[in-house]
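Novice:
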Amino acid sequence: MQVMNAAAEREAAGSDVLHLEVGQPSTPAPKGVLAAARAALDTNRIGYTLALGLPELRERISGHYRNWYGVDVPVERIAVTTGSSSGFTLAFLAAFEHGARVALASPGYPAYRNILKALGVEVVDLLTEASDRFQPTVARLEQAGPLDGVIVASPSNPTGTMLDEPSMMAITKWCRANDVRLISDEIYHGINFGLRSVSALESDPKALVINSFSKYFSMTGWRIGWMVVPPDLIDAVERLASNFFISAPTLSQIAATAAFDCIDEAQENVARYARNREILLNDLPAAGLGDLAPADGAFYVYANVARYTNDSVAFCRRMLNETGIACTPGTDFDPSRGHASVRFSFAGASDDMAEACKRLKDWL
Ligand SMILES: Cc1ncc(COP(=O)(O)O)c(C=O)c1O
């Protein structure tokens, strides 16, 4: 957020900015989604919905699991949420008691740790390495002491790395055997460049899965997502959701129902991300940044910058001031080691990727 503010200030002062800091698509929602929203404004009262969401949308989400993963997810287990962000709060509250211990990968998405801490849950950092694709492994879980929960994200933010099928299966199996609650953040599913996006539900029907329309369907500001909730937690999630939020935004729920008919448009965006990724993976090493996490999915490249700095915050500030490139320091993603890493987002325009690499080469 500080980088985005600094970039906005620079733009307001009349200087250009190449936006490689933003964690969201640069495209609007698919056309079918927009049409559904427009039609609903003319014909629908836009009142509250049931706490767990519109039945039509929950049906479509259930169908999505059949189509994409060959998995049967009963509609009763689906909760529509206000983005995946509200899903985290609901899931953590329903699944964990105050004082519980929950493991997650570092580097990882900062909101997990911040929400868990706010709820009095102890965060157990799994200090992952490039050699394990910055993803949790059974060996690291074994070393983590007694656990109540594990959070995985594949593809991950900020690294873009993924768990392949055997790695995901090993984790789901370990969690079941050790009675540890698994929460799988699958928000970047569909944005992958080789490896298939594997759902935790494929190997553990009782996993708690969190997903969203924000990234693949390019709908960040619509604030609409969903969870697949294990049977023992769905009642708690429904009660919490109805007290916290009453319902997810109704217009967005109606619009999102059309999203699953817009796969072609979403895939066009993925094709652009793939081109952008190629540019960064080719040109960043040539610019002097060769130590990159394997960018399996999402729209991020996580780069080790230890050669240049041990203060990634100052490094990003200087980069913005001196080159006009905005990118994100690793400190929020990895409190103990992020001072030597930065994240580049390739959700933006292809021309900006090429230009950023050119400027970086001169600057570094
Ligand atoms: C890994 C991950 N999970 C969840 C979110 C939250 O997304 P939303 O609340 O828009 O669904 C983000 C946002 O950047 C993210 O990167």
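According to our numbering, the residues represented by the sequence shown are 1 to 364, in order.
We treat Cβ as the ideally placed atom computed from N, Cα and C, and that holds for glycine.
Could you give the first and the last residue of the continuous beta strand (DSSP E) run that contains Leu182?
Specialist: From DSSP, the beta strand (DSSP E) with Leu182 extends over 181-185.
Novice: Got a sec? Which residues, its chain only, sit under 8 Å from Glu265 by beta carbon, not counting five neighbours each side?
Specialist: Pro30, Lys31, Gly32, listed in sequence order.
Novice: To the nearest angstrom, how far is the alpha carbon of Met162 from that of Ala274?
Specialist: Cα-Cα distance, rounded: 16 Å.
Novice: Any chance the CB of Ala259 is under 7 Å from a heavy atom of ligand 1?
Specialist: No, ligand 1 has no heavy atom inside 7 Å of this Cβ.
Novice: Sort Gly324, Ala349, Trp363, Val342 by Cα distance to Ala12 and report the nearest one.
Specialist: For Ala12, the nearest C-alpha among the options comes from Gly324.
Novice: Leaving aside the five residues before and after Gly120 along the sequence, list all residues of the same chain whose C-beta is less than 7 Å from its C-beta, in chain order.
Specialist: So the list reads His98, Gly99, once near-sequence residues are dropped.
Novice: Identify every residue that forms a DSSP beta bridge with Phe344.
Specialist: Its beta-bridge partners are Val301.
Novice: Since Phe333 and Pro110 should fall inside the 8 Å C-beta cutoff, what is the C-beta to C-beta distance between them, to a whole number of angstroms?
Specialist: Yes, they are in contact, since the Cβ atoms of Phe333 and Pro110 sit about 6 Å apart, within 8 Å.
Novice: Closer than 8 Å is the cut-off here; do at least three beta carbon pairs connect the stretch 36-46 with the stretch 238-245?
Specialist: No, because fewer than three Cβ pairs between the stretch 36-46 and the stretch 238-245 fall closer than 8 Å, the two stretches do not touch.
Novice: Are the CB atoms of Arg101 and Glu129 nearer to each other than 8 Å?
Specialist: Not a contact, by the Cβ cut-off of 8 Å.
Novice: Taking any heavy atom of ligand 2 as the mark, which residues have a C-beta closer than 6 Å to it, listed down the chain?
Specialist: Ligand 2 is not among the ligands present in this structure, which contains only ligand 1.
Novice: What's the call for Arg272, buried or exposed, on a 16-neighbour Cβ count within 10 Å?
Specialist: That one is buried.
Novice: If I'm right that Glu156 touches Leu126 with Cβ under 8 Å, what's the distance once you round it to whole angstroms?
Specialist: Per the sequence presented here, residue 156 reads as Ser, with Glu not at that position. With a Cβ gap of about 12 Å, Ser156 and Leu126 do not count as contacting.
Novice: Flag Val75 as yes if its beta-carbon sits less than 8 Å from any beta-carbon of chain B, otherwise no.
Specialist: This model lacks chain B altogether; it includes just one protein chain.
Novice: DSSP three-state call for His19: helix, strand or coil?
Specialist: Strand, per DSSP.
Novice: For Tyr48, is the classification buried or exposed, using 16 other Cβ atoms within 10 angstroms of its Cβ as the cut-off for buried?
Specialist: Tyr48 comes out exposed.
Novice: Return the chain-ordered list of same chain residues with a C-beta closer than 7 Å to the C-beta of Ala144, the five sequence neighbours on each side being excluded.
Specialist: If we look at Ala144 and ignore the five residues flanking it on each side, its Cβ neighbours are Ala103, Val124, Leu126.
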